[in-house]
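Those sequence lines, one after another, are chains A and B. Residue numbering for the first sequence is 2 to 423, as defined by the numbering used here. Residue numbering for the second sequence is 110 to 434, as defined by the numbering used here. Beta carbons: idealized from backbone N, C-alpha and C, even for Gly.
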Amino acid sequence: MNKLIDFVITSIKVSLTGSRKYYAWLASLLIMVLFGAYSYYYQLKYGLIITDIRDQVSWGSYIANFTFLVGVAAAAVMIVLPAYLYNYKEFKHITIFGELMAVGALTMCLSFVLVDLGRIDRMFHLLPFVGTPNWPQSMLTWDVIVLNGYLFLNLLIPGYLLYKAYVREKPRKWIYIFILISIPWAVSIHTVTAFLYGGLAARPFWNTAIMAPRFLASAFTAGPALMIIILQIVRRYTCIGQPGCKLVVTDRALFTLAHIALISMLVNLFFLGSEIYTVAYAATSHLAPLKYLFFGLEHNGVHYAKLQPYMWAAITMEIIAALLLLFPRTRKNFTTLNIACIFAFLGIWTEKGMGLIIPGFIPTPIGEIWEYYPTLMEIMITLAVWALGFLVYTLLLKVAIAIEAEEVVHPSAKDKEMPEAH
Amino acid sequence: MVDESRRDFLKKAAAGATAAVIPFANVRIPVIDVTLEEFLQKHYKEMSEEEKQRVIERLKKEYREKYGIDATIKTTPPKEGVVWGYALNIQKCIGCRRCVYACVRENNQSRANPKEPWRGEIQWIRVLEFEKFEIHPGEKGKDFRTKFGEVLAGINLEESEHYYHPEKVPEKDKFYMPIQCQQCERPPCVKVCPTKATWKEPDGIIVVDYNWCIGCRFCIAACPYWARRFNWSDPYIPREEINPKMHYLGNRIRMRGVVEKCTFCIQRTREGRYPACVEACPVGARKFGNLLDPESDVRKVLEKKRVFRLKEELGTQPKFFYFMD
Numbered sequence: 002m003n004k005l006i007d008f009v010i011t012s013i014k015v016s017l018t019g020s021r022k023y024y025a026w027l028a029s030l031l032i033m034v035l036f037g038a039y040s041y042y043y044q045l046k047y048g049l050i051i052t053d054i055r056d057q058v059s060w061g062s063y064i065a066n067f068t069f070l071v072g073v074a075a076a077a078v079m080i081v082l083p084a085y086l087y088n089y090k091e092f093k094h095i096t097i098f099g100e101l102m103a104v105g106a107l108t109m110c111l112s113f114v115l116v117d118l119g120r121i122d123r124m125f126h127l128l129p130f131v132g133t134p135n136w137p138q139s140m141l142t143w144d145v146i147v148l149n150g151y152l153f154l155n156l157l158i159p160g161y162l163l164y165k166a167y168v169r170e171k172p173r174k175w176i177y178i179f180i181l182i183s184i185p186w187a188v189s190i191h192t193v194t195a196f197l198y199g200g201l202a203a204r205p206f207w208n209t210a211i212m213a214p215r216f217l218a219s220a221f222t223a224g225p226a227l228m229i230i231i232l233q234i235v236r237r238y239t240c241i242g243q244p245g246c247k248l249v250v251t252d253r254a255l256f257t258l259a260h261i262a263l264i265s266m267l268v269n270l271f272f273l274g275s276e277i278y279t280v281a282y283a284a285t286s287h288l289a290p291l292k293y294l295f296f297g298l299e300h301n302g303v304h305y306a307k308l309q310p311y312m313w314a315a316i317t318m319e320i321i322a323a324l325l326l327l328f329p330r331t332r333k334n335f336t337t338l339n340i341a342c343i344f345a346f347l348g349i350w351t352e353k354g355m356g357l358i359i360p361g362f363i364p365t366p367i368g369e370i371w372e373y374y375p376t377l378m379e380i381m382i383t384l385a386v387w388a389l390g391f392l393v394y395t396l397l398l399k400v401a402i403a404i405e406a407e408e409v410v411h412p413s414a415k416d417k418e419m420p421e422a423h
Numbered sequence: 110m111v112d113e114s115r116r117d118f119l120k121k122a123a124a125g126a127t128a129a130v131i132p133f134a135n136v137r138i139p140v141i142d143v144t145l146e147e148f149l150q151k152h153y154k155e156m157s158e159e160e161k162q163r164v165i166e167r168l169k170k171e172y173r174e175k176y177g178i179d180a181t182i183k184t185t186p187p188k189e190g191v192v193w194g195y196a197l198n199i200q201k202c203i204g205c206r207r208c209v210y211a212c213v214r215e216n217n218q219s220r221a222n223p224k225e226p227w228r229g230e231i232q233w234i235r236v237l238e239f240e241k242f243e244i245h246p247g248e249k250g251k252d253f254r255t256k257f258g259e260v261l262a263g264i265n266l267e268e269s270e271h272y273y274h275p276e277k278v279p280e281k282d283k284f285y286m287p288i289q290c291q292q293c294e295r296p297p298c299v300k301v302c303p304t305k306a307t308w309k310e311p312d313g314i315i316v317v318d319y320n321w322c323i324g325c326r327f328c329i330a331a332c333p334y335w336a337r338r339f340n341w342s343d344p345y346i347p348r349e350e351i352n353p354k355m356h357y358l359g360n361r362i363r364m365r366g367v368v369e370k371c372t373f374c375i376q377r378t379r380e381g382r383y384p385a386c387v388e389a390c391p392v393g394a395r396k397f398g399n400l401l402d403p404e405s406d407v408r409k410v411l412e413k414k415r416v417f418r419l420k421e422e423l424g425t426q427p428k429f430f431y432f433m434d
């Protein structure tokens, strides 16, 4: 128990000490969080009126970002699965970065849901015993369960493994059971999130069986793309490359991630194409949201097309990313690889964030066209949640890197070798 | 079994906790501005009669202090053997929107605040305007429309106009279709609610416990009839416009951050009166009654007129019927 307390204290110390650049990074994130907190104070005080969400478009930036980030969280499985099921060595060294990314993403997901609530003071109505959760009927109760369960798994697994590394002990077998559970659990979080929308017959744009598969495909593109960028940053700002450094992030690991992103992107584009074909060829009244998304809608001589430029930009970025990832020469060149990753990430963020949530509401089920565009305060809250997620991720990464690089060790284990499993 | 007793125990513990905090019941939590008592209030269906009365007394006091009105807030339960149904004559409707405004006055919806122009009035009824089309068979290059002549053969909601403002209604080549909560027998909004804050009453009315709703707005997304509204800010109602005859599940004044909707004027219909929209209609296009009573207005419409329901293919089974003579 004492060792555990030492672990926690050391972790806090390590996460709060660093170079000047590190402090600057933390400070800038913190400032963004504070700006958002200031806006959120107004939202609490005056209600969601400070956003541009209204009865016509009743979810906006918050839920759009939530949806996208559930995918990023789920994508950790793309590292865990090859590492543990196929014993892929290159990924063993980086699983922890993936799992902690899931924690950062989940922090954002849960925060986005919370800031979207009209009555956060009544949040506990969702909980068993003190509240009345509508389980199993409501998909949102399922989402609460799977998201919190996934957060628990991704805190437990890296937490336990880091602790064991800190005290130089071999991890016990039972942790592998949790690692195995975390694999289907990752799939479940994004499936349930897709079912939130897919189950609504009132919204033809969402009411399609391709929703969950498409969500997973796009998640397994955006997640690895972000991972590739982050791992390069880790390589740059840690001891990697210096003699005696115990951290390992190989080029091969990055290229395998790029391969995963490529295949997922192609599958994602295929799913998107299937969806567009089915809706467009049948050309029922269900076509309107899709038309709005790509070309805008006409009503009384007014052209409504606020999302149109973003959507074309997204599709263009996705196709460029797919092409850059497709050819080995551009995939294995870090400049083009990074462009591909950034494009893939931004493209999917647009396509399955705002590009998926907003047109679901346009036109309304009774035919009104009403456009949504986030307000400044809403954008500030959105950015703050992103900053909060990155803040959490940064602090966790800092600890993980220090322990994995064997820079910190429990005093009692100083002379011990790092056990094999690490 | 174990689960039940545990639940029971926790409930009692929670009730005990409520009793224990009574000395601090009026302490206000800052920013979100709710009292501790309100914060710890139970789900409507889980409250005893005593607890309901306590809550009602609190609400009355609140309205007295805030608006200077003496309200009555009833909890009249549904009558046995009653399932409410509604029928609207789409051929008669002249699009005057008197039902819309009567509904707002009756049900204490938030009004447009002249000082805050970005805040509009909440309306539960939306009247859609459609163009009539003549049949022009054989005319080259023209799409054959789904609605033509005096006969309405179909409705494409996406071709509707929501914000029509002519000098006089009805306009010659237009017809009108009011849409409000269809009180579905299989309501998707109830299914998706994560906290059971909205449910179908035994008389078929979908109600909301405004003190239990967490404001996630999943029900708004799930409703195929766009019948639910959200309180984006604190409601604004001038004192003299408040209707003091209230029902707990109906027209009592709401708070910011919760969803509301048409209840067929539960505060009226459960006392044997017609909904406000039925009374306000100048052409008698609106019929209301007990679906289980063969002699009711609605049943007669169902038997004698040509009837359709909106979006029947979705399987929501509305108890709101549109008809033609």
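Only those residues of the stretch 121 to 141 of chain A whose C-beta falls short of 8 Å from the nearest C-beta of chain B are listed: ILE121, ASP122, ARG123, MET124, HIS126, LEU127, PHE130, VAL131, GLY132, THR133, PRO134, ASN135, GLN138, SER139, MET140, LEU141.
If you draw a straight line from the Cα of LEU232 of chain A to the Cα of LEU5 of chain A, it is about 28 Å long.
Counting along the chain, PHE429 of chain B sits inside the beta strand (DSSP E) bounded by residues 429 to 433.
Put simply, of A:LEU141, A:ALA283, A:GLU170 the residue whose alpha carbon is nearest the alpha carbon of PRO420 of chain A is A:GLU170. Counting only Cβ-Cβ distances below 9 Å, ALA221 of chain B has no contacts in chain A at all, with the closest Cβ about 13 Å away.
Residues of the stretch 287 to 304 of chain B with a C-beta atom less than 8 Å from some C-beta of chain A are ILE288, PRO297, LYS300, VAL301, CYS302, PRO303, THR304, listed in chain order.
Our two residues, LEU255 of chain A and ILE230 of chain A, have alpha carbons roughly 9 Å apart in a direct line. When rounded, the separation of the alpha-carbon atoms in ILE158 of chain A and TYR164 of chain A is 10 Å.
Scanning chain A for C-beta atoms nearer than 7 Å to the C-beta of PHE148 of chain B yields ASP122, reported in chain order.
The C-beta of HIS274 of chain B comes no closer than 8 Å to any C-beta of chain A. Taking 8 Å as the threshold, the shortest C-beta distance from PRO279 of chain B to chain A does not fall below it.
Residue state for TYR39 of chain A is assigned as helix, using DSSP reduced to three classes. Here LEU128 of chain A is exposed, its C-beta having fewer than 16 other C-beta atoms within 10 Å. Residues of the stretch 346 to 369 of chain A with a Cβ closer than 7 Å to any Cβ of chain B, in chain order: PRO364, THR365, PRO366, ILE367, GLY368, GLU369. Listed by position along chain A, the residues whose Cβ is nearer than 7 Å to that of TRP335 of chain B are THR365, PRO366, ILE367. Going by C-alpha positions, ASP53 of chain A is about 9 Å away from SER59 of chain A. Sixteen is the threshold: when 16 or more other Cβ atoms of the shown chains lie within 10 Å of the Cβ of LEU217 of chain A, as they do, the residue is buried. The Cβ of GLY393 of chain B sits no closer than 8 Å to any Cβ of chain A.
Following the DSSP letters along the chain, one finds TRP175 of chain A inside the alpha helix (DSSP H) bounded by residues 175 to 199. Burial check for VAL136 of chain B: the Cβ neighbour count within 10 Å stays below 16, so the residue is exposed. One Cα belongs to SER265 of chain A, the other to SER219 of chain A, and the distance between them is close to 7 Å. No residue range can be given for VAL136 of chain B, since it is assigned to no alpha helix (DSSP H) and is classified by DSSP as neither H nor E. MET228 of chain A and THR222 of chain A have their C-alpha atoms roughly 10 Å apart. Taking a 10 Å sphere around the C-beta of LEU35 of chain A, we find fewer than 16 other C-beta atoms and assign the residue as exposed. A Cβ-Cβ separation of about 5 Å places ALA180 of chain B in contact with MET355 of chain B under the 8 Å criterion. ASN149 of chain A sits in a helix when the DSSP states are folded into three classes. Going by beta carbons, ASN320 of chain B and GLU147 of chain B fall inside the 8 Å limit. Per the C-alpha coordinates, the member of A:PRO366, A:LEU201, A:ILE321 positioned closest to ALA345 of chain A is A:ILE321. As summarised for the stretch 176 to 240 of chain B, the continuous alpha helix (DSSP H) elements at least 4 residues long and confined to that stretch are 207 to 216, given in chain order. Contacts with chain B at 8 Å (Cβ-Cβ) include GLY119 of chain A. When the Cα atoms are used, ARG55 of chain A and PHE296 of chain A turn out to be separated by approximately 23 Å. Secondary structure remark: continuous alpha helix (DSSP H) runs of at least 4 residues inside the stretch 36 to 90 of chain A, in chain order: 62 to 75, 78 to 86.
DSSP lists A:HIS304 as the beta-bridge partner residues of GLU299 of chain A. Closer than 8 Å to the CB of ALA134 of chain B there is not a single CB belonging to chain A. Within chain B, not a single residue places a beta-carbon under 9 Å from that of LYS292 of chain A; the smallest gap is close to 10 Å.
Ranked by Cα distance from TRP371 of chain A, the options A:TYR305, A:MET2, A:LEU347 are led by A:TYR305.
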